[in-house]
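To start, the structure under review is shown below, and the notes come after it.
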Amino acid sequence: MQGKLDLLVDLDFRMAASALYADVVLPTATWYEKDDLSSTDMHPFVHPFQAAVDPLWEARSDWDIFRTLAQAVSKVATEAKLPIYKDVFAVPIQHDSEGETAQPEGKILDWSKGDCEPIPGKTMPAIAMIERDYTKIYDKWIALGENIKKGNGIKGLGWKSDDLYEEIRPRNGIIEDKNLISYGLPSMYTAKQACDAVMGLSTTTNGKVAVRAWADLERKTGLDNLTDLAADRQSERFTHEMMFEWGEAMSVYKPMLTFKPLKNPLKQTKEITLKFLTPHNKWSTHSMYFDSQQLLTLFRGGQTVWLNEKDAAEIGVKDNDWCEVYNRNGVVISRAVVSPRLPRGVMFMYHAQDRHINVPMSKISGTRGGTHNTPTRIHMKPTHMIGGYGQLSYGFNYYGTTGNQRDIYVVVRKAQEVIWHED
441 MQGKLDLLVD
451 LDFRMAASAL
461 YADVVLPTAT
471 WYEKDDLSST
481 DMHPFVHPFQ
491 AAVDPLWEAR
501 SDWDIFRTLA
511 QAVSKVATEA
521 KLPIYKDVFA
531 VPIQHDSEGE
541 TAQPEGKILD
551 WSKGDCEPIP
561 GKTMPAIAMI
571 ERDYTKIYDK
581 WIALGENIKK
591 GNGIKGLGWK
601 SDDLYEEIRP
611 RNGIIEDKNL
621 ISYGLPSMYT
631 AKQACDAVMG
641 LSTTTNGKVA
651 VRAWADLERK
661 TGLDNLTDLA
671 ADRQSERFTH
681 EMMFEWGEAM
691 SVYKPMLTFK
701 PLKNPLKQTK
711 EITLKFLTPH
721 NKWSTHSMYF
731 DSQQLLTLFR
741 GGQTVWLNEK
751 DAAEIGVKDN
761 DWCEVYNRNG
771 VVISRAVVSP
781 RLPRGVMFMY
791 HAQDRHINVP
801 MSKISGTRGG
811 THNTPTRIHM
821 KPTHMIGGYG
831 QLSYGFNYYG
841 TTGNQRDIYV
851 VVRKAQEVIW
861 HED
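Right, dumping it as structure tokens:
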């Protein structure tokens, strides 16, 4: 992991390395790596990916690209005889850990505002030091280091991983180059090897690990029989191939039960109830660039919702008609993209479309139509807003509270009148 973190330290150095050593050649492969995994704290599943087509021409997978960068940086660092650097950095107080639960009750004290003394690991993040050897980035990138044998864990829990590490070694093969510090370690040269290494160490995909995590929670809480929650699945061990066998390699449509439509507040047009999805936008990066003229010109010039052509015909909606999409949470008014690409019963709206671009008023709400977030709902965890986590420390990609998304349905009808109220 440290080899991967080192890649992010010096952008100029990486750019220089890739420019000076564009001739770095990796061992020849007969096929491009195209395997990936996706899972977050908001998804109760692991989703393995396999590309529909191989990368075209000189394109590579992300894993191959960063491996090449790692090799180039290591070559530059070796020739430049860079020393080993030591960095001091802050380690955030993790939520659900002893450090967070030890925070005092009552008023939350913030050391950065002078409320209390800065005490590492108590009133502020812990302080740690790390060594960075830029000459060994590539060596570390392609292998699973032995530190994982000391143990693994998350959210204040920990368990032994030495036997899990040894199980990965024969499955992935080892690094056979004796000139590398990773010689003899389990290989993660390919993306598939990296995926299977993760799945061998995860509580989600290895039953033995799940039982060990519950056992540690029993030890910390004094509760009994928590391991029973995973004991009957202790022998399960998911691999990349197994997930593909189950038909989970690519997204598939699985029909779901609908709910009774809400009462039509205007009683003047046909309606249909659809499943509402909010995928990543095709014409922007989250909310960035959505309001640029070039990207707005590429597609419809504002917010859109997509629905199946037969669902649209059922309520008299044609392509580019204005629709009102609503439920108990709120209302979206947007142009419709009618397409056979979507299965029946599903509607999606690309996320982060800003409502200040081409959004008229809604007769249902009496206000300007909302965004993709308007019909959805989210439950925030208030305990993440206090103590030694959100305000007093920082973790990459984790600044703030955890949100738990839930699937949602909407009622869709054709807008009978478009009201702008611009004045």
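Residue 671 in my numbering is what sits at position 231 of the sequence shown, and the numbering runs on without skipping anything. We treat Cβ as the ideally placed atom computed from N, Cα and C, and that holds for glycine. On a predicted model such as this, the values are computed, not experimentally measured, just so you know.
- Distance from the CA atom of Lys595 to the CA atom of Lys803, rounded to whole angstroms, is 47 Å.
- When Cβ pairs closer than 8 Å are counted between the two stretches, the region 590–609 is seen not to touch the region 562–579, the count staying below three.
- Around the beta carbon of Phe529, a 10 Å sphere encloses fewer than 16 other beta carbons of the protein chains shown; the residue is thus reported as exposed.
- Taking each of His812, Val778, Val777, His796 in turn and checking the Cα distance to Tyr790, the smallest one comes out for His812.
- Take His861, set aside five residues on each side of it, and the residues of its chain with a beta-carbon closer than 7 Å to its own are Met801, in chain order.
- Within the DSSP secondary-structure output, Asp555 pairs in no beta bridge.
- DSSP places Tyr578 in the uninterrupted alpha helix (DSSP H) bounded by 577–581.
- Comparing alpha-carbon positions, the option among Val771, Ala776, Val765 lying closest to Thr807 turns out to be Val771.
- The continuous beta strand (DSSP E) containing Leu747 extends over residues 744–748.
- Apart from the 5 residues on each side of it in sequence, Tyr629 sits with its Cβ closer than 6 Å to the Cβ of Ile582 in its chain, given in chain order.
- In the displayed model, Arg572 falls within a strand according to three-state DSSP.
- DSSP lists Pro488 as the beta-bridge partner residues of Leu477.
- The beta carbon of Leu738 sits closer than 7 Å to the beta carbons of Trp723 from its chain, once the five residues preceding and following it are set aside; these are given in chain order.
- The three-state secondary structure of Gly593, taken from DSSP, is strand.
- Beta-bridge pairing by DSSP links Phe716 to Met787, Ile848.
- The DSSP-derived three-state label of Phe529 is strand.
- Assigned with DSSP and collapsed to three states, Gly647 falls in helix.
- Taking each of Tyr729, Ser732, Thr713 in turn and checking the Cα distance to Glu754, the smallest one comes out for Thr713.
- Relative to the Cα of Glu764, the nearest Cα in the group Ala517, Gln734, Ile859 belongs to Ile859.
- Just measuring C-alpha positions, the residue of Ala671, Glu540, Ile570, Glu571 sitting nearest Thr563 is Glu540.
- Distance from the CA atom of Ala512 to the CA atom of Gln674, rounded to whole angstroms, is 42 Å.
- Cβ neighbours of Ala792 within its own chain (closer than 6 Å, five residues either side excluded): Asn721, His726, Ser727.
- Gly809 is positioned such that its CB atom lies no closer than 9 Å to that of Ile848.
- The shortest C-alpha to C-alpha distance from Asp668 to any of Phe678, Gly647, His680, Glu681 is the one to Gly647.
- Between the alpha carbons of Arg775 and Asn760 lies a distance of about 5 Å.
- For Ala776, the enclosing beta strand (DSSP E) has its first and last residue at 771–779.
- The three-state reading of DSSP puts Met628 in coil, since its state is none of H, G, I, E or B.
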